[in-house]
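Oh and the sequence shown: position 175 is 653 in the working numbering, straight run, nothing missing. Backbone N, C-alpha and C fix where the C-beta goes; we use that ideal spot for every residue, glycine too. Please read these numbers as outputs of a predicted model, since none were measured by experiment.
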Amino acid sequence: MLQISYLVSGGIITNYKCSSRCRHCCYSSSPQWPNDYMTPSMADEIFRILKGLGCRSVHIGGGEPLLRPDKILAVLEAAKKNGVHIEYIETNASWYKDEASTHAILKDLKRCGVHTLLISIDPYHNEYIPFWKVKALMAACSKAGIEVFPWLMDFWPDIEAMDDSKPHSLDEYVQLFGRDYLLQLAKRYGLNLKGRALKTYRPMMKKQPFEQVLRQSRPCRLLSGVYHFHVDLYGNFVPQSCPGLSIPLKELVRGADPGRYRVFHALETEGVKGLVELAMKEYGFEPQAEYAGDCDLCYDIRNYLVLERGLDLPDLKPEGHYKYV
479 MLQISYLVSG GIITNYKCSS RCRHCCYSSS PQWPNDYMTP SMADEIFRIL KGLGCRSVHI
539 GGGEPLLRPD KILAVLEAAK KNGVHIEYIE TNASWYKDEA STHAILKDLK RCGVHTLLIS
599 IDPYHNEYIP FWKVKALMAA CSKAGIEVFP WLMDFWPDIE AMDDSKPHSL DEYVQLFGRD
659 YLLQLAKRYG LNLKGRALKT YRPMMKKQPF EQVLRQSRPC RLLSGVYHFH VDLYGNFVPQ
719 SCPGLSIPLK ELVRGADPGR YRVFHALETE GVKGLVELAM KEYGFEPQAE YAGDCDLCYD
779 IRNYLVLERG LDLPDLKPEG HYKYV
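Right, dumping it as structure tokens:
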């Protein structure tokens, strides 16, 4: 039985829709996603369960959670009602329009117990968001008495070298800083190579024969990790390192049937080798000759099951993670 009895720290994904389609996004967020947002009733259920599991604080992310500032307030109220502290809200600053409207939004957030915004500062986001918006939002936070958690200040000089009135492609950064900039960028960021990030960097990664990847297969213990998990707007528990793989949080608390969540169970007990056996035996999966490690192989299988076979598997949710890469 797949079950969790306590959780320590994690995040809430209020929506997958985003103003950007960043090449490093492990959640594959983009403007293509539907305009769904976490409902007040779902938020109440999630925070109640999290508090019961010992999780007393979370952060909020997306997608871009502040695309719908009218929707996020009910989520924040649900957190307050259930005694769960909001550490910070992640934002890319794309929603900044002017000082007056931004001040009104920040005032509402502060009233609901939010005292910190994590503001994205990196070349990936700068492909879509002019840096002047980041600067303006930071200034607005200072005036409103809201702390800024800049992620990451290490990239400020890189972005400041560009014209801050418009976005800049990663190709422009490569031209300015050198051919290996994109690889160094991933290392400096500490990038989780999943979702769209894997697609971006896979051509640059060293490949191994399929058989060698299988020989190195180990159970994926991170799938039931109690740190840096996420719960999305649909009530899915998303493991700390594997977006696109999920089980409803309320089922995990009661005990989820491994016979229903076979992909999750195979990975947790046997690793990618177990998933390969399942996919080849029951769904006709044919592996490529080489892979950039077990995560690359795992994603190839999951993409095959969702996109090529069109399977509606309960632990490969949401489907948009695969469709909008």
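{"query": "Can you name the start and end residues of the beta strand (DSSP E) that N714 belongs to?", "result": "714-716"}
{"query": "Would you mind sorting Y484 into buried or exposed? The rule is 16 or more other CB atoms within 10 Å of its CB.", "result": "exposed"}
{"query": "Going by C-alpha to C-alpha distance, which of Y777, L663, K621, Y566 sits closest to D636?", "result": "L663"}
{"query": "So is D576 buried or exposed if we call it buried at 16+ other beta carbons inside 10 Å?", "result": "exposed"}
{"query": "How long is the line joining the alpha carbons of I564 and E689, rounded to whole angstroms?", "result": "45 angstroms"}
{"query": "State the beta-bridge partners of E768 as determined by DSSP.", "result": "P687"}
{"query": "Specify the secondary structure class of I599 as computed by DSSP and reduced to three states.", "result": "coil"}
{"query": "Compute the beta-carbon to beta-carbon distance between L596 and C619, rounded to the nearest angstrom, for a pair I have assumed lies under 8 angstroms.", "result": "About 11 angstroms; that fails the 8 angstroms criterion."}
{"query": "Threshold first: 3 residues or longer. Then list the beta strand (DSSP E) segments lying entirely within the stretch 577-631, N to C.", "result": "594-598, 625-629"}
{"query": "Let me confirm a value: K644 is counted as buried when at least 16 other C-beta atoms fall within 10 Å, else exposed. Which label applies?", "result": "exposed"}
{"query": "According to the neighbour-count rule (16 or more other Cβ atoms, all chains shown, within 10 Å of its Cβ), is S647 buried or exposed?", "result": "exposed"}
{"query": "Buried or exposed: which applies to R674, given that a residue is buried once 16 or more other Cβ atoms fall within 10 Å of its Cβ?", "result": "buried"}
{"query": "Taking the alpha-carbon positions, what's the Q694 to W634 distance?", "result": "39 angstroms"}
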